[in-house]
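Start counting the sequence shown at 308; every next residue gets the next number (my numbering).
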Amino acid sequence: VADSLSEDRAKEAYGDVLGMVFSPIPFQPDDFLAKHEAPAPDEAELAESVPMTSLVSTIAESFKQMLFPSCNPKLLEEFDTQKVSWNPHKHCLAFVSGKDQVTVHDFEDSDGKESCILTSEHQKEVKAIEWRPNSGKMIAVGCKGGICLWSASYPGNVASVKSGVTSSSFGAFPRGSSGHWILVDVLRGSSPELVSALCWKPDGRYLASASCNGQSFTIWDVSQGLGTPIRRGLSSISLVRWSPSGDYFLTAKFDGTFHLWETNTWTSEPWSSSNGYVTV
Numbered sequence: 308v309a310d311s312l313s314e315d316r317a318k319e320a321y322g323d324v325l326g327m328v329f330s331p332i333p334f335q336p337d338d339f340l341a342k343h344e345a346p347a348p349d350e351a352e353l354a355e356s357v358p359m360t361s362l363v364s365t366i367a368e369s370f371k372q373m374l375f376p377s378c379n380p381k382l383l384e385e386f387d388t389q390k391v392s393w394n395p396h397k398h399c400l401a402f403v404s405g406k407d408q409v410t411v412h413d414f415e416d417s418d419g420k421e422s423c424i425l426t427s428e429h430q431k432e433v434k435a436i437e438w439r440p441n442s443g444k445m446i447a448v449g450c451k452g453g454i455c456l457w458s459a460s461y462p463g464n465v466a467s468v469k470s471g472v473t474s475s476s477f478g479a480f481p482r483g484s485s486g487h488w489i490l491v492d493v494l495r496g497s498s499p500e501l502v503s504a505l506c507w508k509p510d511g512r513y514l515a516s517a518s519c520n521g522q523s524f525t526i527w528d529v530s531q532g533l534g535t536p537i538r539r540g541l542s543s544i545s546l547v548r549w550s551p552s553g554d555y556f557l558t559a560k561f562d563g564t565f566h567l568w569e570t571n572t573w574t575s576e577p578w579s580s581s582n583g584y585v586t587v
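See below:
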């Protein structure tokens, strides 16, 4: 069926379901600020000499890893877990567009401005992003060593930067934009783990984070910048989710087991999945 559909017919089909079709976003590599150098002659010749069968087997192996991920904790950090997040109040998309960068694109911008690129020296090996509920002006970015909190700043409503965050930690903004994004805080735990799962409590006050190679998850009071680790023998967490009421909390692992927590006492019951691999 997919082979018989043209691009125009696909757009019409999605338009009927969604009510609108979003414009494409130009790809921005993570080294967009650097100039690309041509490969050395010997490297170019080596690339041309690679047989087609090798390329096919590489692609097949990539799909195999996507469909049947390994449960080896040392390999879990290689998988993408939470790379796209929609703004809860408008047609604005944030997604990981490179190893160390996040792109924010506003589809409702009538001026057709370019996407905003969020980069910082504190933001390395991005694995998860999540818009803050009841705000739509803050994005949490899980990366190596902690969580970067970006906030939209506008004339008359300037974002407040926490102490310790360097003033040079800004995003790359489209030309002519009246607003911009500022890195307002960096949440760091006791150990420099790779934060691979994020979820805001529905009221936007608390942020939960976990690492695929850690032994706990952390509940952050964002306004205070304080995190409370909850250690109950967990490891290889692939997903964290609050219930809509905020009374329950889910932590899931790649091996198919998960815990359902009651957030008043933070006690839990273990569950398991029949087919394994609990993820987004």
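Using N, Cα and C, we set each Cβ at its ideal position, and we do this for glycine too.
Spatial neighbours of residue i within its chain, please: CB distance less than 7 Å, with the 5 preceding and 5 following residues excluded, ordered by chain position.
i, result
"N441", "D510, G511"
"Q430", "D407, V448, C450, C455"
"S575", "R539, H566, L567, W568"
"R548", "C506, L557"
"G532", "K469, D492, L494"
"F524", "A515, S516, A517, I537, L541, I544, V547, T558"
"W573", "I537"
"P395", "W438, P440, G443"
So the candidates are the options; which of them puts its Cα closest to the Cα of residue i?
i, options, result
"V493", "L514, K508, H487", "L514"
"V409", "I424, C399, H398, P395", "I424"
"W527", "V433, C506, N464, S498", "C506"
"V502", "S530, I544, L490", "I544"
"S498", "G452, V472, P462, A517", "G452"
"D413", "S516, H487, C519, N520", "H487"
"V472", "N464, I332, I436, E428", "E428"
"A435", "K560, A504, G405", "A504"
"E500", "E432, W393, G405, I332", "E432"
"Q522", "S552, K508, G496", "G496"
"S330", "N464, T535, K420", "K420"
"K508", "T535, S552, N520, G534", "S552"
"M445", "I332, S550, V529", "V529"
"W393", "S422, G443, P462, I332", "G443"
In chain order, what residues of the same chain lie with their CB nearer than 8 Å to the CB of residue i, ignoring the 5 residues before and after it?
i, result
"S579", "G563, T564, F565"
"D554", "E569, T570, N571"
"R391", "Here the sequence assigns Val to residue 391, which means Arg is not the residue at that position. The residues are L400, A401, F402, V403, I436."
"K560", "L541, S542, S543, I544, S545, V585"
Excluding five sequence neighbours on each side, which residues of the same chain lie with their C-beta closer than 6 Å to the C-beta of residue i?
i, result
"E415", "K397, H398"
"A466", "S458, S460, I489, V491"
"T535", "I526"
"P577", "H566"
"R439", "M445, W507, G511"
"V411", "A401, C423"
"S550", "none"
Taking the beta strand (DSSP E) that residue i falls in, what are its first and last residues?
i, result
"V448", "445-450"
"K560", "555-560"
"A466", "Neither: A466 is in no beta strand (DSSP E) and is coded neither H nor E."
"I454", "453-460"
"L425", "423-425"
"I526", "524-528"
"F565", "564-569"
"Q408", "408-413"
"P499", "Element bounds for P499: n/a, residue is neither H nor E."
"T574", "574-579"
"P536", "533-537"
"E437", "435-438"
"D416", "It is not in any beta strand (DSSP E) - D416 carries neither H nor E in the DSSP assignment."
"V547", "544-549"
"V391", "391-393"
"D492", "487-494"
"C399", "399-405"
"L541", "Neither: L541 is in no beta strand (DSSP E) and is coded neither H nor E."
"S518", "513-518"
Is there a Cβ from chain C that is less than 8 Å from the Cβ of residue i?
i, result
"I436", "Going by chain labels, chain C is absent from the structure shown, which holds only one protein chain."
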